[in-house]
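Student: Mind having a look at this structure? Questions to follow.
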Amino acid sequence: MTEELGSLARRLAMPYYEDALPAHDEFHAKRVRDLSVRLADECDTAVDRAILSAAAWLHDIGRPRERVGAIDHHDKWATTKAAALLDAESVASARIDAITHCVRAHSIRSSSPEPETIEAKLLFDADKLDAAGARGIVRLACIVGERSGRAGEQYAVIDDATASETIESDRPDVTLLREWARERLDRLYTPPARQLGAARWEFMEAFFDRFAAELGVDGNR
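Counting from 23, one number per residue, gives the positions in the sequence shown under our numbering.
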């Protein structure tokens, strides 16, 4: 194999993102790749950036299939598929194992194993940080839209349901976005990620304060 590992993984991954929706598309994969490398540059521990980059490109290739119900766990499916794709390109088995561990451990779900390597921890952190800050707010709103489309009904309301005296709803409201982001930031592994997460959370707090100020007849913004 002569092609650089990160570039190879990108080439292999791109066809699987053709049917992806915005929250888990190739742009998300690139953001995760870029941020994971940025975090690696701030780590005191040695990091194999080729493994990290490859895993970032491949980590969500199963999302489109999961979205339509073809598979149940995108991380498990992506682990198997990535191993097969890389093996067909004669990537060394040890490198395949390192990449697929990152892919398998990137999810926040309880069914996902804990990341054990620094590369897996950085991928996990970068993926979670893409749900925080300005881009994170947009992305989380996209996820609400995706889930509404999949369920065929409204998944959440873009409002503060507790503040309304005229409309009642049993759906989650904007608080859900805050909870999703906080849950992910609380799970970060590496010091550089936690530092960046704190800064992004500060922005989100200001956003939610502004959001509240824009609501209702008593809104002041």
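For glycine and all other residues, C-beta sits at the position ideal for the given N, C-alpha and C.
1. Exposed or buried, which one is residue 231 when buried takes at least 16 other CB atoms within 10 Å?
2. Measuring alpha carbon to alpha carbon, tell me which residue in 31, 27 and 44 is nearest residue 165.
3. Taking residue 206 as the reference, which of 229, 170 and 143 has the closest Cα?
4. Starting from residue 54, trace the alpha helix (DSSP H) both ways and give me its first and last residue.
5. Using 10 angstroms around the beta-carbon of residue 115, count the other beta-carbons present and answer buried if the total reaches 16, otherwise exposed.
6. Output the distance between the C-alpha atoms of residue 211 and residue 233, rounded to the nearest integer angstrom.
7. Assess, as a yes-or-no matter, whether the region 108 to 122 is touched by the region 151 to 158 under the definition of 3 or more beta carbon pairs within less than 8 Å.
8. Hey, out of 72, 66 and 124, whose CA is closest to residue 30's CA?
9. Does any heavy atom of the ligand ADP sit closer than 7 Å to the C-beta of residue 51?
10. Measure the alpha-carbon distance for residue 38 versus residue 65 and round it to whole angstroms.
11. Using the C-alpha atoms, what's the distance from residue 196 back to residue 60?
12. For the region 53 to 130, list the alpha helix (DSSP H) runs that are entirely contained and at least 4 residues long, ordered along the chain.
13. To which residues of the same chain is residue 118 closer than 7 Å at the C-beta, ignoring the five residues directly before and after it?
14. Residue 42 by DSSP, collapsed to three states: which one?
Tutor: According to the structure data:
1. Exposed: under 16 other Cβ atoms inside 10 Å.
2. Nearest C-alpha to residue 165 among 31, 27 and 44: 44.
3. When each option's Cα is compared against that of residue 206, the closest is 143.
4. That run of the alpha helix (DSSP H) goes 48 to 63.
5. So residue 115 ends up on the exposed side.
6. The straight-line gap from Cα to Cα measures roughly 30 Å.
7. The answer is no - the region 108 to 122 does not touch the region 151 to 158, with fewer than three Cβ pairs under 8 Å.
8. For residue 30, the closest alpha carbon among the candidates 72, 66 and 124 is that of 72.
9. This structure does not include the ligand ADP; it has no bound ligands of any sort.
10. Cα-Cα distance, rounded: 31 Å.
11. Residue 60 and residue 196 have their C-alpha atoms roughly 30 Å apart.
12. Correct list: 71 to 80, 85 to 89, 96 to 110 and 115 to 126.
13. For residue 118, where only same-chain residues beyond five positions count, the Cβ hits under 7 Å are 105, 108 and 109.
14. Of the three classes helix, strand and coil, the one that applies to residue 42 here is coil, per DSSP.
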